[in-house]
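Heads up, our numbering is the position in the sequence shown plus 35, with the first residue counted as 1.
Cβ atoms here follow ideal geometry from the backbone N, Cα and C, with glycine treated the same way.
Presented below is the structure to which this report refers.
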Amino acid sequence: MRFPSLPIFATAYYPEQWPESEWLRDLRRMKEHGVTAVRWGEFSWSWWELDDGAFDFAATDRFVAAVGQAGLELVLCTPTATPPAWLIARHPEMLMQDQHGRPHLGNRHYGCHHHPGYLALVERIVTRLTERYRDCPHLVGWQIDNEPNMGECNAGLTYDYHPLAIVAFRRWCERRYGSIAALNEAWVSHFWARGLPSFDLIDPPRPGIGTVNHSAWLAWCRFRAEALAQFVHWQRDLLRRLCPGVSVGTNIPDVNPTTMVKLGQDYWAQAKGLDWAGTDLYAFRKDPAWEQRFLAYETDLMRSALTHDGARFFIMETQGGPHNVPWRMDFVGGWFDEAFLERCAQTYTAGGADGVCFFLWRPWRTGVECGMNGLCDVDGTPTSRAKALPGIYQRARATIAARPARPRAVLHYSQASLAIAANCDPEATPNSAIPGWHALLHEAGWRVEMDDERTLCTRNWAAGDLLVLPYSPVMSLDESAAVQRCLAAGGRVIAGFATGFFDEEGRMVDVRPRGLDQAFGVRQVAFDHCVPANAWRIGGLAAVGNHTRVAMSGARVLLAADDGRPVLTASADGRAIFCTIDLGSLVWNRAAGVEIVLKPLLAACAG
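Listed below in structure tokens is the structure:
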């Protein structure tokens with residue numbers, strides 16, 4: 036199989052933006068500066084098919100030849116992230132619809148994955164590409180789409196409510212619940228007279244339109260994530276059938292835990308069966324401490340999700356330069372030099388990435404991404420950042436070759452819990468709680484792996500393992516059993532304040548944490564959200580945010596608030612620890628005095 040040479044040090048380049056007379060010059064400069072591969076094509080559908088059926092690959096033939104002439108490898112993308120203008124104008128019935136029933140008119144990801152006509156057009160363009168370039172010796176990979184998601188670029192809108200998607204959701208519910216009576220029971224539908232007599236009357240929950248039943252929302256989120264993963268897998272299988280000798284992967288972004296729900300993401304599912312998978316990371320904020328935490332968290336999260344089925348892990352995009360435009364940019368704006376690229380490359384490769392692809396070689400002169408992220412100036416002249424690449428790559432290779440061994444900690448990434456939060460939690464708590472727990476563990480010396488519901492339930496535990504449930508209000512009995520197995524194997528478990536409130540259908544359970552009250556020796560009895568005026572006082576720490584109150588049933592108190600309320604408890608053997616405050620958010624937000632909680636917690640983890 037033709038596979039990118041490892042480690043891959045690629046960049047993105049868009050020949051349709053530049054005079055053909057400059058292509059070979061630019062490609063040779065990439066090679067001179069240590070770049071090994073070029074990625075291109077994810078936004079080029081209209082360049083290849085300007086009108087319906089009017090294909091023109093002549094310029095692409097010349098560019099592909101130039102890539103080989105320069106001694107570079109090529110990763111070619113399927114262009115389904117941006118269907119062309121003629122498709123939007125002539126086939127509005129193929130567009131995704133928002134929760135209001137309006138067609139998607141945004142910038143990217145607007146084709147309905149359930150529409151056979153749209154899928155036929157996708158298959159046609161992908162077939163033309165693969166048949167034309169599959170024998171190119173320097174073609175080493177196909178990238179599926181670009182950042183596959185459900186209808187991005189429309190703030191406040193949720194997709195896909197296309198009639199065909201709704202029909203597919205009804206059939207999905209029929210398979211999951213078996214009978215309409217079982218669905219009504221799971222969703223408590225008869226309250227507010229929403230009981231359904233048949234699956235054909237199901238209407239998906241619509242955020243912003245009335246009150247959303249969060250059990251129905253949880254089902255809808257699961258369906259959307261499965262549908263998006265199936266679209267990725269459909270392209271994967273199509274590419275393998277048409278071009279069996281070339282590797283297949285994609286680039287899967289993370290924005291934050293609750294936004295991934297709104298975008299229909301399931302990183303673990305999308306990566307299944309791929310040869311490689313990458314993520315795209317943009318972090319610059321002129322705050323190196325925050326950037327370091329964020330990039331380390333994202334690297335561990337996406338490595339865990341994308342490699343679970345055997346794929347190699349790359350950083351497929353990360354910013355190669357600042358936005359060179361004369362106004363403030365909210366998206367990773369501000370100037371930086373090569374020192375930032377060095378920090379990024381070291382964080383990524385130490386965290387398990389087998390390569391780093393800086394985006395992009397030359398910034399666009401105009402268009403929707405004018406002036407963004409170039410390693411070179413707009414005229415193609417390499418900047419100091421580009422000139423630093425050979426050294427950055429050399430040191431990254433050394434880091435890959437000598438990654439230090441660290442003790443393992445597993446962080447539960449409960450996608451069902453994130454779905455509940457995306458619908459119900461005005462603070463979007465997991466967006467700080469989960470990365471905060473990661474920062475706590477990473478900075479204390481652990482190598483952090485992340486498990487979703489499925490990988491948690493299949494993990495083999497060993498003595499000395501550490502499992503943390505940072506935000507796990509939805510807890511199936513299988514997940515509770517996995518926690519019990521960790522303890523039985525001699526591991527330690529830390530449960531966060533929200534653990535085990537709901538079952539897998541989003542229904543509140545009688546005894547919380549679900550299936551784990553005896554293991555932890557506590558029962559959750561009340562909940563509160565505290566602002567600075569009524570924060571829990573723990574020495575010099577004002578613990579704001581979410582808190583849970585517990586009744587002790589065999590545990591001992593490791594740390595109490597000033598008024599005596601338990602903050603940290605431990606089971607009799609010391610290996611099951613419960614934290615009643617939102618410690619992750621306090622760590623992530625760099626709360627003053629948080630060390631008063633970290634010290635006894637880390638001591639308990641050390642045994």
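For residue i, count neighbouring C-beta atoms within 10 Å of its own C-beta (all shown protein chains included) and say buried if the count is 16 or more, exposed if not.
i, result
"residue 640", "buried"
"residue 608", "exposed"
"residue 335", "buried"
"residue 129", "buried"
"residue 427", "buried"
"residue 85", "exposed"
"residue 143", "buried"
"residue 406", "buried"
"residue 408", "buried"
"residue 391", "buried"
"residue 419", "exposed"
"residue 547", "buried"
"residue 148", "buried"
"residue 693", "Coverage of the chain is limited to positions 36 through 642, which leaves residue 693 absent and any answer about it impossible."
"residue 288", "buried"
Given this structure, state the Cα-to-Cα distance separating residue i from residue j, to the nearest angstrom.
i, j, result
"residue 522", "residue 613", "14 Å"
"residue 327", "residue 595", "31 Å"
"residue 120", "residue 54", "23 Å"
"residue 253", "residue 264", "17 Å"
"residue 532", "residue 66", "52 Å"
"residue 227", "residue 505", "33 Å"
"residue 219", "residue 464", "29 Å"
"residue 513", "residue 489", "9 Å"
"residue 297", "residue 196", "13 Å"
"residue 42", "residue 279", "22 Å"
"residue 185", "residue 131", "9 Å"
"residue 98", "residue 425", "24 Å"
"residue 588", "residue 238", "44 Å"
"residue 155", "residue 37", "27 Å"
"residue 604", "residue 62", "60 Å"
"residue 375", "residue 321", "10 Å"
"residue 553", "residue 586", "12 Å"
"residue 471", "residue 141", "33 Å"
"residue 618", "residue 602", "10 Å"
"residue 240", "residue 597", "44 Å"
"residue 206", "residue 216", "15 Å"
"residue 138", "residue 68", "45 Å"
Tell me which residue opens and which closes the beta strand (DSSP E) that residue i is part of.
i, result
"residue 221", "Segment 215–222 is the alpha helix (DSSP H) holding residue 221; no beta strand (DSSP E) there."
"residue 84", "84–86"
"residue 350", "347–354"
"residue 486", "482–486"
"residue 612", "611–614"
"residue 503", "501–504"
"residue 109", "108–112"
"residue 176", "174–179"
"residue 580", "580–587"
"residue 456", "Careful: residue 456 lies outside any beta strand (DSSP E), inside the alpha helix (DSSP H) at 450–459."
"residue 75", "72–75"
"residue 446", "443–447"
Assuming residue i and residue j make a contact with CB atoms under 8 Å, what is their CB distance in whole Å?
i, j, result
"residue 527", "residue 610", "5 Å"
"residue 118", "residue 285", "That pair is no contact at about 17 Å."
"residue 312", "residue 306", "5 Å"
"residue 590", "residue 557", "5 Å"
"residue 466", "residue 291", "4 Å"
"residue 519", "residue 487", "So it is not a contact: roughly 18 Å between Cβ atoms."
"residue 353", "residue 316", "5 Å"
"residue 308", "residue 268", "7 Å"
"residue 179", "residue 270", "5 Å"
Let's see if you can read the secondary structure: which residues bound the alpha helix (DSSP H) around residue i?
i, result
"residue 635", "630–641"
"residue 466", "465–478"
If you measure between the beta carbons of residue i and residue j, is that distance less than 8 Å?
i, j, result
"residue 575", "residue 627", "yes"
"residue 620", "residue 468", "yes"
"residue 475", "residue 633", "yes"
"residue 458", "residue 135", "no"
"residue 592", "residue 579", "no"
"residue 110", "residue 175", "yes"
"residue 92", "residue 114", "no"
"residue 330", "residue 346", "no"
"residue 48", "residue 273", "no"
"residue 283", "residue 275", "yes"
"residue 510", "residue 549", "yes"
"residue 393", "residue 71", "no"
"residue 203", "residue 222", "no"
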